[in-house]
Every structure is written in C-alpha cells, then in structure tokens.
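Residue numbers (our numbering), protein chains in the order written: chain A, 1 to 493; chain B, 1 to 334.
Ideal Cβ placement from N, Cα and C applies to all residues, glycine included.
Here the structure is a predicted model, which is why all the values come from computation and not from measurement.
These notes are about the structure you will find just below.
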Amino acid sequence: MESIQNLLLGFSVALQPYNLFFCLVGSLIGTLVGVLPGLGPAASMAILIPFAAGLPPTAAIIMLTAIYYGAMYGGSTTSILLNIPGEAASVVTCLDGYQMARQGRAGPALGISAISSFVAGTIGLIGLVFLSPVLVDVALMFGPPEHFGLLVLGLSVAVSLAGKSLAKGLAAAAFGLLLAAVGIDPQSGLSRYAFGVTSLMGGFDVVVVVVGLFAIAEVLSNAEEPAFEIFQGKIAGLWPNRKDLRDSAAPIARGTVVGFLLGLIPGVVPPVITFVSYDLEKRCSKHPELFGTGRIEGVASPEGANNACTSSGMIPLFTLGLPTTASLAVLLGALMIHGLQPGPMLFVQQKEFVWGVIASMYVGNVMLLVLNLPLIPLWVNLLKIPYPLLAPAILVICVIAAYGVRNSLFDVWIMLAFGFLGYVMRKLEFPAIPLIIALILGDRLENALRQSLTLSRGSLLVLLTRPIAAGFLVIAIASVGYSLYYQYQRRRV
Amino acid sequence: MRQMSWVPQALRMFLVVLAIAAMLGGAVLAGAAEVAYPKRAIDAVVPISAGGATDTWARTIMPYLSKKWGVPINVVNKPGGSGVIGTAAVLSAAPDGYSVVVDGHIIPAVTAIQADCPFKWDNPTPIAKMVSGPLAFAVPADSPWRTLKEALEDIRKNPEAITAGVGGVSMPAVFALAKLFDSVGIDFKRMNRVIFDGSSPTMAALAGKHVMLTSQPLIDAIAMLKGGKIRVLAISSSKRSPNLPDIPTGKEQGFSAYDRQTFGGIAGPANLPPAIVKVWADGLKEALQDRSIVEKLEARETIVDFLGPEEDKKFLETQYKENVAIAERLGLRK
C-alpha cells in the first residue's frame with residue numbers, strides 16, 4: 001500500500017502547473033524528435049541538458065524523460081508513412097505499417113501505434129511501481145553467457161522472417177554478421193576491415209544502413225511504377241475500426257510484457273526487443289504468412305514493446321544507476337548534474353522527485369495520446385501529395401537522417417550505397433530484414449560469446465551449464481526447428 | 001545533430017545575432033582587440049556518445065565560455081571507434097580554433113595500443129587539462145576481500161583463478177589495474193580479463209558477481225555501492241572524497257601505485273596558433289573557478305585539475321609513455 005501512497009504523492013508533484021508545463025514541453029519536443037529521422041532522443045536530450053540545468057531538478061528530469069518516451073511515440077510516424085525508420089527501434093514498424101499505408105490504411109496504423117504506445121506505457125508504469133525492487137536482482141543475473149543465449153534467440157528471429165527462400169535469408173543474415181564485424185574490435189581495440197579509413201573504424205550504424213535499405217530502395221523501386229498507384233488513392237478510414245482494435249488487443253498485451261521484461265536487462269537494446277515481440281506475434285498468429293503485407297498486429301505489438309521498455313528501463317536507472325539505452329545514459333548524466341545520485345537511497349531521500357517523475361510519465365502518456373490522435377488526419381493527408389513530389393522530399397529526409405546520426409558526410413554515402421544494394425536485393429528477392437537483425441546483433445553476439453569464453457577459459461560448456469543461458473538456447477533451437485518444419489509443411493501443400 | 005533541432009537553432013540564431021551585435025559594439029568600444037577570436041560558432045567535439053563523463057564535463061563547462069565569448073559553442077558527439085573517429089575528425093580540420101576535441105584519456109591510450117591509429121599522441125595541440133576524477137577498486141558485496149591488501153595477497157597466490165572485469169582495452173581501468181598489480185609483483189596477464197563495452201556494463205557484471213573485481217571511475221560505482229551491490233576497497237586519489245569519507249585511498253593502504261585517474265582536457269588540430277590556445281586556456285581557467293561549475297563537477301566526483309598548455313603536454317607525454325610500457329608488457333600493443 002505504500003506504493004499507492006507514494007504514487008499519490010507523485011501525482012501531487014507531477015500535477016503542479018509548473019511541472020505539467022515542462023512535461024508538455026518535453027512531450028512536444030519528443031514527438032518532434034521522433035518524427036524527424038536522424039535526430040534521436042539521446043542527442044536531443046543531451047542538447048537540452050544545459051537548458052535543463054537551469055530548471056529545478058524535478059521539472060528538468062520530467063522534461064527530459066518526456067522527450068524520451070515522446071520520441072518513442074513519434075518514431076513510428078515516418079516508418080509508417082514513408083518507410084523511413086526514425087530510429088533503430090522503429091525498424092520493425094516499417095514492415096507492416098508501411099504496407100498498411102500503401103493500402104490506404106495509414107490512419108489505422110498510426111492510430112493503433114498511438115493506442116498501443118499509450119496502453120503499454122501505462123501498464124509498464126504500473127509494473128514499475130509494484131515490481132521494480134524484485135526484478136532488478138533478476139536483471140543482474142544476466143552475465144555474458146545469458147546475454148549470448150538471449151542474442152542467439154534474437155538472431156533466430158531472422159530465420160522466421162527470412163521470407164520465401166530460407167537460403168537467401170541466411171545469406172542476407174551472414175552478410176549482416178560480416179558487416180557487423182567492420183570497425184574497432186571491442187575486445188582487442190584493433191580495427192578490422194577498415195582499410196585505414198577512419199570513418200569505417202566506427203563500423204556501420206544501423207540507422208544509416210536501414211534508411212538506405214528501406215527508404216532509398218523503396219523510392220528506387222517505386223520509380224519503376226506508374227506514379228499514382230504507389231499509394232492507393234482511397235483512404236480507408238482515419239481511425240482503427242472495431243476489428244482493428246479486437247485484432248490488436250492481445251498483441252498489445254504480449255508486446256507490453258515482452259518489452260517490460262527485456263527492457264530491464266542492461267544491454268538489450270530496443271530494436272532487439274521490438275524484433276522479438278514481432279516474431280512472437282507472428283508465431284501466435286493464425287496467419288503468419290500475412291505478416292509483412294500490412295497486418296495491424298505487426299504494428300501493435302512492437303510499438304507496445306517499445307514503450308513498455310521505456311518504463312521498465314527506469315528501474316535499473318533509478319535503483320542502480322544502470323542505463324539500459326543511450327538515452328537513459330544521457331538521463332543519468334542529467335541526474336548527476338542536478339546532484340541526484342541514483343541508488344536505493346534515491347527512493348528514500350528524494351521521494352517527491354522519484355515519484356513525481358514516475359507519475360509525470362503517466363501524465364505524459366495521456367498528453368501524448370491527446371496530442372497524437374488529432375495529428376493523424378494531417379499525417380495521412382501527407383500521402384495525398386503526388387509521389388513525384390514526395391520522392392525528392394523523402395530523399396532529402398534520408399540524407400538528413402543519415403548525416404544526423406554521427407554528424408558525418410561519410411554516412412550519407414554509406415546510406416546511398418546501401419540504397420542501391422537494397423534495390424538490387426529486392427530485384428533478386430533477398431530479404432533485408434535478416435541482414436538488419438544480424439547487423440544489430442552481430443557485435444553484441446560476438447562480444448557476449450568472447451566474454452563467456454574468457455570467463456570459462458575457453459570452454460563452450462558455460463553456455464549449457466548456466467540455466468538461463470541454456471534455456472534461451474533451447475528456445476532458439478526449437479524456434480528455428482519449428483520455422484523449418486512450418487516452411488516444409490507449407491511447401492508440400 | 002544540433003543543426004536539425006528547431007529549438008536550439010532558434011536559440012543559436014538568436015545567439016549569432018547577439019554575437020554580431022556584441023562584436024560590432026565591442027569593436028567600436030575597445031578599438032583594436034588582441035586576437036580577433038572567436039568570431040563565430042565553435043564545434044567542441046566529444047568523441048564518445050552523449051551522457052558519458054566527458055560529455056557531461058563538456059556540457060557543464062562550455063556554456064560558461066559561450067556566454068563569456070558571445071559565440072555559440074556546439075558540443076557535438078562523434079562517437080565510434082573507441083574515440084578515434086571524433087578525434088581524427090578534429091585533427092583533420094583547419095587549425096583555426098573553430099573545432100576542438102574534448103578528450104578524456106583517449107589520445108594517450110589509443111595511440112599507445114593501436115598501431116594503425118590515424119594519429120600519434122603528439123599530433124594534437126594540447127590546450128589544457130580541465131578536470132580529473134578518481135577510479136574505484138570495486139568487488140561484489142559478498143566478496144571475501146575486505147581491504148585492498150587482502151585482495152592483493154589472495155590474487156598473488158593464484159592469479160589464474162581471478163576474473164577481472166575491464167571496460168575496454170584502452171580504458172583507464174586496464175592501465176590502472178596493470179600498474180597496481182605490477183607494483184606488487186602480480187602478473188596481470190595471468191589473470192582472466194573479461195572485456196566489457198564501457199563502464200556501466202562492467203559495473204553490472206560486477207554487481208551480478210560475474211567477475212570478481214574491477215576498477216572504474218568512482219562516479220560510475222556510487223549507485224551500486226549505495227545499493228549494497230558492491231564494495232569499494234580503495235579509490236585512486238591522494239585523499240578521500242568528502243562525499244564518501246568511509247572509503248580509503250590506495251595510498252593510505254600502502255599502495256601508492258593505485259594512482260591513475262580518469263581525466264578530461266581539450267586539444268586542437270596540429271599547429272593551432274598560440275594566440276588561440278591562450279584564449280582557450282585563459283577562458284577555461286576562469287570557467288573552472290566559477291563556483292557553480294565547480295559544485296556541479298564535485299557532485300560527479302570530479303575535481304578541477306587545471307593544467308595549462310605546456311604542463312598538459314608534459315602530462316600527456318608521461319601518460320603516453322606509461323601506457324606504452326604497460327601495453328607492451330601485457331602484449332596489448334599491436
């Protein structure tokens with residue numbers, strides 16, 4: 001019951017007009033940042049730190065946190081409308097979201113994404129209030145072997161998302177793993193496959209590659225089609241209908257649970273979480289073969305997972321000073337600047353602050369829903385712009401996005417190169433998703449494996465003797481086996 | 001990334017207008033100025049991602065200079081490649097003072113380890129060392145070791161049985177631990193060294209008892225310490241932290257070799273004119289005497305540790321030479 005009292009205290013802080021104002025400001029900036037690709041939440045939060053330093057601590061952290069979850073709300077917009085993921089976490093939303101937009105269902109896609117974000121954000125907060133103390137210890141049980149098991153499970157998703165040809169899917173995944181190896185080796189500090197090019201030492205950034213493979217390749221292949229058939233002119237409803245809502249309810253719930261649990265573990269980044277939830281949904285669905293053609297479940301679940309992990313990520317941050325994402329690392333910096341030291345004592349000594357911020361996240365979620373729903377007709381109308389006019393604008397946005405990731409022109413060239421590669425891959429029917437999953441997971445996978453082997457002094461048994469790690473590996477193998485069996489069955493029919 | 005955000009851009013436009021106004025006014029009032037620098041926006045490149053120690057140092061100190069000089073100073077994160085990319089970008093820029101790099105321990109560390117690093121330790125023009133902070137020798141909360149002495153005696157018996165966590169090969173932890181172990185005759189190479197991707201993951205692995213010891217910036221250890229997940233056996237500064245009076249230094253336990261610090265400074269491209277170096281060094285010296293900046297830094301277990309251009313260069317040289325010696329002994333230098 002103490003939790004409820006604390007939460008009430010929190011609301012009394014969060015609802016003060018001054019704090020409400022900064023919650024609104026943060027939500028607005030966050031939405032904007034999410035919509036504009038290339039400008040991620042971490043960078044914008046960092047830019048605002050000097051400004052936030054002049055505010056009282058509670059208002060400052062309320063605003064910065066609002067930018068974080070606001071960006072998660074906004075991030076799906078360009079994924080759905082233009083196939084440009086604003087950040088790595090919304091890659092998976094492109095798969096079905098963009099297809100929905102092409103079928104004139106951008107409105108329902110955006111609507112369900114906002115609703116799913118709201119529901120997951122809210123449930124995630126309840127989890128944050130009641131479960132936090134217990135779950136932190138579980139998260140700490142994740143050492144290198146456990147991370148490795150989880151990452152292999154993530155990589156196994158590539159098999160089920162491989163599309164028609166398993167061989168081509170595996171080839172794409174293998175290429176992704178190779179790309180992930182480019183850059184400075186995290187274990188020895190030596191550069192690999194950089195050929196003396198300084199910019200290559202940082203490796204390929206996921207957003208840069210994805211914007212090329214998805215958005216540029218899309219514009220290139222659309223150039224072949226009659227311009228006015230790309231988005232089917234008829235807009236089938238602005239809002240999710242009753243069936244959409246019914247279809248989305250269970251996916252949202254599952255996405256929320258997956259996002260919340262995985263969000264607690266340091267090092268499990270949001271893109272991995274969204275892919276795992278998408279894959280889970282595909283497996284739960286009666287029509288897995290329709291995923292990628294514009295299923296609303298494919299938008300609902302990852303968007304929920306995305307927002308639930310935002311809430312649960314606050315737990316290791318506040319209790320142990322452990323940031324699970326880049327944005328939370330910036331938030332940690334901001335806490336320190338305000339002289340707030342994370343740790344269990346924060347909950348005791350700075351009750352009003354901690355609970356004020358938690359309650360403000362709830363308030364902010366309501367604000368974001370109210371902000372985002374009326375914007376949908378506006379976004380949908382964007383697609384009425386004739387494609388020959390829209391395409392150059394998309395290209396410009398892509399260039400800005402790629403440049404913005406690391407302030408580097410080199411990345412723009414890389415993005416264009418991957419745009420052409422993506423176009424060729426489409427022509428040859430190589431799927432892009434396994435490549436991206438492998439690129440996201442590759443260096444983490446390598447790191448976790450090498451760390452595990454250092455720990456065990458070279459024995460691979462460590463992956464099997466630790467129960468959590470072994471459990472993940474078994475699930476991964478079962479999941480690949482099931483996918484293979486399913487494909488075999490389908491081919492026979 | 002700043003270029004694309006409306007809010008700061010509006011602010012920046014405003015600052016630019018202000019700066020122009022101030023310059024026009026200043027020129028009329030002061031007549032001939034000593035150096036006509038800075039005249040426009042400066043990029044202060046942080047070669048690591050936003051939120052890290054170096055990043056927060058930059059964002060705490062730069063607003064002061066921006067205000068003083070009347071030009072915007074953009075703190076730009078160019079992470080990747082263990083800091084090589086951002087640093088190399090500044091070194092290839094024109095030596096006009098409009099791009100500088102805010103460097104932690106990176107330059108003397110990566111140049112000591114990576115043979116193919118595109119720059120050498122003495123390529124950049126040192127401007128100043130700004131701040132430093134102690135490292136913490138930390139163990140899990142239920143570790144049998146109560147003091148640094150106990151730990152070291154135990155490790156000496158059987159270094160092969162020890163698993164140490166480090167936050168990256170070119171991170172201060174490697175050098176700090178190597179120096180400490182070396183001073184008591186323990187071969188760090190015989191220990192099992194698990195390399196993590198930065199300070200936070202290393203601390204998490206320590207708290208989860210996946211490794212037996214680590215040495216990380218004190219600031220990154222405090223939350224876990226207060227949460228009862230870890231214990232800190234020693235810090236690497238010469239005196240105790242006023243915020244944590246119960247934690248002894250390595251020196252007072254008889255291990256003065258545990259003295260490496262994490263630090264932050266500023267450097268520019270080669271051949272940066274001395275007049276510009278002076279403007280920066282003087283400005284930083286003043287900023288680091290500002291009460292509110294000092295307080296913010298101290299809250300982060302960071303102390304002002306100002307060294308001007310000459311002393312900074314000597315300091316970096318000592319660091320580099322020490323790093324090379326350690327890296328060679330550990331077989332890290334390739």
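Which residues in the same chain as G75 of chain A place their Cβ atom closer than 7 Å to its Cβ, once the five residues preceding and following it in sequence are excluded? The residue given as residue 75 of chain A occupies position 75 in the first sequence. Within the same chain, G75 of chain A has close Cβ partners G34, G86, E87, A89 and S90.
Within the stretch 48 to 136 of chain B, note down every full beta strand (DSSP E) run reaching 3 residues or more, in order along the chain. 73 to 77 and 99 to 103
Cβ-Cβ distance between S199 of chain A and F410 of chain A below 7 Å: For the purposes of this step, residue 199 of chain A is taken as the residue at position 199 of the first sequence. For the purposes of this step, residue 410 of chain A is taken as the residue at position 410 of the first sequence. Contact flag set, yes.
Could you give the first and the last residue of the continuous beta strand (DSSP E) run that contains D43 of chain B? Mapped onto the second sequence, residue 43 of chain B falls at position 43. I42 to V46 is the span of the beta strand (DSSP E), which, as asked, contains D43 of chain B.
Taking the CB atoms as reference points, tell me whether M100 of chain A and G419 of chain A lie closer together than 7 Å. For the purposes of this step, residue 100 of chain A is taken as residue 100 along the first sequence, with counting starting at 1. For the purposes of this step, residue 419 of chain A is taken as residue 419 along the first sequence, with counting starting at 1. Against a cut-off of 7 Å, the Cβ pair of G419 of chain A and M100 of chain A comes out as no contact.
Kindly give me the distance between the Cβ atoms of L331 of chain A and T65 of chain A, rounded to whole angstroms, as I take these residues to be in contact under 8 Å. Here residue 331 of chain A corresponds to residue number 331 of the first sequence, with the count starting at 1. Here residue 65 of chain A corresponds to residue number 65 of the first sequence, with the count starting at 1. At roughly 7 Å, the Cβ-Cβ gap stays under 8 Å, so L331 of chain A and T65 of chain A are in contact.
The beta strand (DSSP E) enclosing F51 of chain A, as first and last residue numbers: Taking the first sequence and counting its residues from 1, one reaches residue 51 of chain A at position 51. Where F51 of chain A is concerned, there is no enclosing beta strand (DSSP E), although the alpha helix (DSSP H) it sits in stretches over P41 to A52.
Mind checking who S191 of chain A pairs with in its DSSP beta bridge? Here residue 191 of chain A refers to the residue found at position 191 of the first sequence. For S191 of chain A, which the question treats as bridged, DSSP gives the partners A:I184.
Once the 5 residues before and after I29 of chain A are set aside, which same chain residues still bring their CB inside 6 Å of it? Here residue 29 of chain A refers to the residue found at position 29 of the first sequence. So the qualifying residues of the chain are I67.
Cutting at 7 Å between CB atoms, please list the residues of its own chain near P159 of chain B, excluding the five before and the five after it. Here residue 159 of chain B refers to the residue found at position 159 of the second sequence. I186, D187, R190 and M191.
If we count the other Cβ atoms within 10 Å of its Cβ and call it buried at 16 or more, is L455 of chain A buried or exposed? Translated into positions along the first sequence, residue 455 of chain A becomes position 455. Looking at its Cβ environment, which holds 16 or more other Cβ atoms inside 10 Å, L455 of chain A is buried.
With distances taken Cα to Cα, identify the nearest neighbour of G97 of chain B among B:I276, B:F306 and B:F315. As a first step, residue 97 of chain B must be located in the second sequence, where it is residue number 97. Among B:I276, B:F306 and B:F315, the Cα nearest to that of G97 of chain B belongs to B:I276.
For F495 of chain A, which of A:F353, A:G163, A:A171 and A:N306 has the nearest alpha-carbon? Absent from the model: residue 495 of chain A. The displayed extent of chain A is 1 to 493, so no value can be given.
Rounded separation between L461 of chain A and I195 of chain B - CA only: Numbered from 1 along the first sequence, position 461 holds the residue referred to as residue 461 of chain A. Numbered from 1 along the second sequence, position 195 holds the residue referred to as residue 195 of chain B. In a straight line, the C-alpha of L461 of chain A is about 20 Å away from that of I195 of chain B.
Looking at C-alpha atoms only, which residue of A:P316, A:R283, A:P50 and A:P434 is the closest neighbour of G514 of chain A? What is shown of chain A runs 1 to 493, which leaves residue 514 of chain A out entirely.
Tell me the DSSP bridge mates of L307 of chain B? Taking the first residue of the second sequence as position 1, residue 307 of chain B is located at position 307. Its beta-bridge partners are B:K129.
Could you tell me whether any Cβ in chain A is nearer than 7 Å to the Cβ of S199 of chain B? Taking the second sequence and counting its residues from 1, the one referred to as residue 199 of chain B is at position 199. Answer no: the Cβ-Cβ gap between S199 of chain B and chain A never drops below 7 Å.
Between the alpha carbons of A391 of chain A and D290 of chain B, how many angstroms are there, rounded? By 1-based counting over the first sequence, the position of residue 391 of chain A is 391. By 1-based counting over the second sequence, the position of residue 290 of chain B is 290. Going by the C-alpha atoms only, they are around 52 Å apart.
Which residue marks the beginning of the alpha helix (DSSP H) containing N372 of chain A, and which one marks its end? Numbered from its first residue, the first sequence carries residue 372 of chain A at position 372. Where N372 of chain A is concerned, the enclosing alpha helix (DSSP H) stretches over K351 to L382.
Would you kindly work out how many angstroms separate the C-alpha atoms of P41 of chain A and A204 of chain B, rounded to a whole number? Residue numbering aside, residue 41 of chain A sits at position 41 when the first sequence is read from its first letter. Residue numbering aside, residue 204 of chain B sits at position 204 when the second sequence is read from its first letter. One C-alpha to the other measures close to 24 Å.
Is the beta carbon of D220 of chain B less than 7 Å from the beta carbon of S238 of chain B? For the purposes of this step, residue 220 of chain B is taken as the residue at position 220 of the second sequence. For the purposes of this step, residue 238 of chain B is taken as the residue at position 238 of the second sequence. It is not a contact, given that the beta carbons lie outside the stated cut-off.
Between the alpha carbons of V211 of chain A and M415 of chain A, how many angstroms are there, rounded? By 1-based counting over the first sequence, the position of residue 211 of chain A is 211. By 1-based counting over the first sequence, the position of residue 415 of chain A is 415. Taking the straight line from one Cα to the other gives about 7 Å.
Thinking C-alpha only, which one of A:G356, A:L421, A:K164 and A:K286 is nearest F318 of chain A? Counting from one through the first sequence, the residue named residue 318 of chain A turns up at place 318. Closest option to F318 of chain A, Cα to Cα, is A:G356.
Hey, how far is the Cα of D259 of chain B from the Cα of G250 of chain B? Position 259 of the second sequence, counted from the start, is the residue given in the question as residue 259 of chain B. Position 250 of the second sequence, counted from the start, is the residue given in the question as residue 250 of chain B. Distance between the alpha carbons of D259 of chain B and G250 of chain B is about 8 Å.
Consult DSSP for T256 of chain A and reduce its assignment to one of helix, strand or coil. The count along the first sequence starts at 1 and reaches residue 256 of chain A at position 256. In this structure, T256 of chain A counts as helix in the three-state DSSP scheme.
Are the Cβ atoms of I230 of chain B and I247 of chain B separated by less than 7 Å? To locate residue 230 of chain B, count along the second sequence from 1; it is residue 230. To locate residue 247 of chain B, count along the second sequence from 1; it is residue 247. Not in contact: I230 of chain B and I247 of chain B (Cβ atoms no closer than 7 Å).
With a 10 Å radius around its C-beta and 16 neighbouring C-beta atoms as the bar for buried, classify F118 of chain A as buried or exposed. Taking the first sequence and counting its residues from 1, one reaches residue 118 of chain A at position 118. Result: buried.
Pull up the CB-CB distance for G202 of chain A and G70 of chain B, whole angstroms please, since I reckon it's below 8 Å. Residue mapping note: residue 202 of chain A aligns to position 202 of the first sequence, counting from 1. Residue mapping note: residue 70 of chain B aligns to position 70 of the second sequence, counting from 1. No, G202 of chain A and G70 of chain B are not in contact; Cβ-Cβ is about 34 Å, not under 8 Å.
Taking C-beta to C-beta, are P145 of chain A and L453 of chain A nearer than 7 Å? Mapped onto the first sequence, residue 145 of chain A falls at position 145. Mapped onto the first sequence, residue 453 of chain A falls at position 453. Result no, Cβ atoms of P145 of chain A and L453 of chain A do not sit closer than 7 Å.
Please report how far the alpha carbon of K149 of chain B lies from the alpha carbon of D305 of chain B, in whole angstroms. Your numbering for residue 149 of chain B matches position 149 in the second sequence. Your numbering for residue 305 of chain B matches position 305 in the second sequence. Going by the C-alpha atoms only, they are around 29 Å apart.
What's the C-alpha gap between I162 of chain B and A207 of chain B? In the second sequence, residue 162 of chain B corresponds to position 162, counting from 1. In the second sequence, residue 207 of chain B corresponds to position 207, counting from 1. Cα-Cα distance, rounded: 16 Å.
Smallest Cα separation from Y226 of chain A: which of A:I437, A:Y387, A:A401 and A:G404? Taking the first residue of the first sequence as position 1, residue 226 of chain A is located at position 226. The sequence shown places Pro at residue 226 of chain A, not Tyr. Closest by alpha carbon: A:Y387.
Is I80 of chain A helix, strand or coil by DSSP? Stepping through the first sequence from its first residue, residue 80 of chain A is reached at position 80. Correct three-state label for I80 of chain A: helix.
Quick check: the Cα distance between Q451 of chain A and H210 of chain B, rounded to an integer number of angstroms? Within the first sequence, the letter at position 451 stands for residue 451 of chain A. Within the second sequence, the letter at position 210 stands for residue 210 of chain B. Their backbone Cα atoms lie some 10 Å apart in a straight line.
Closer than 7 Å to chain B by CB, M345 of chain A: As a working mapping, residue 345 of chain A is identified with position 345 in the first sequence. With 7 Å as the cut-off, M345 of chain A counts as an interface residue toward chain B.
Residue nearest to P309 of chain B in terms of C-alpha spacing, selected from B:I113, B:P108, B:P124 and B:K68: The residue you call residue 309 of chain B lines up with position 309 of the second sequence. Of the listed residues, the one whose Cα sits closest to P309 of chain B is B:P124.
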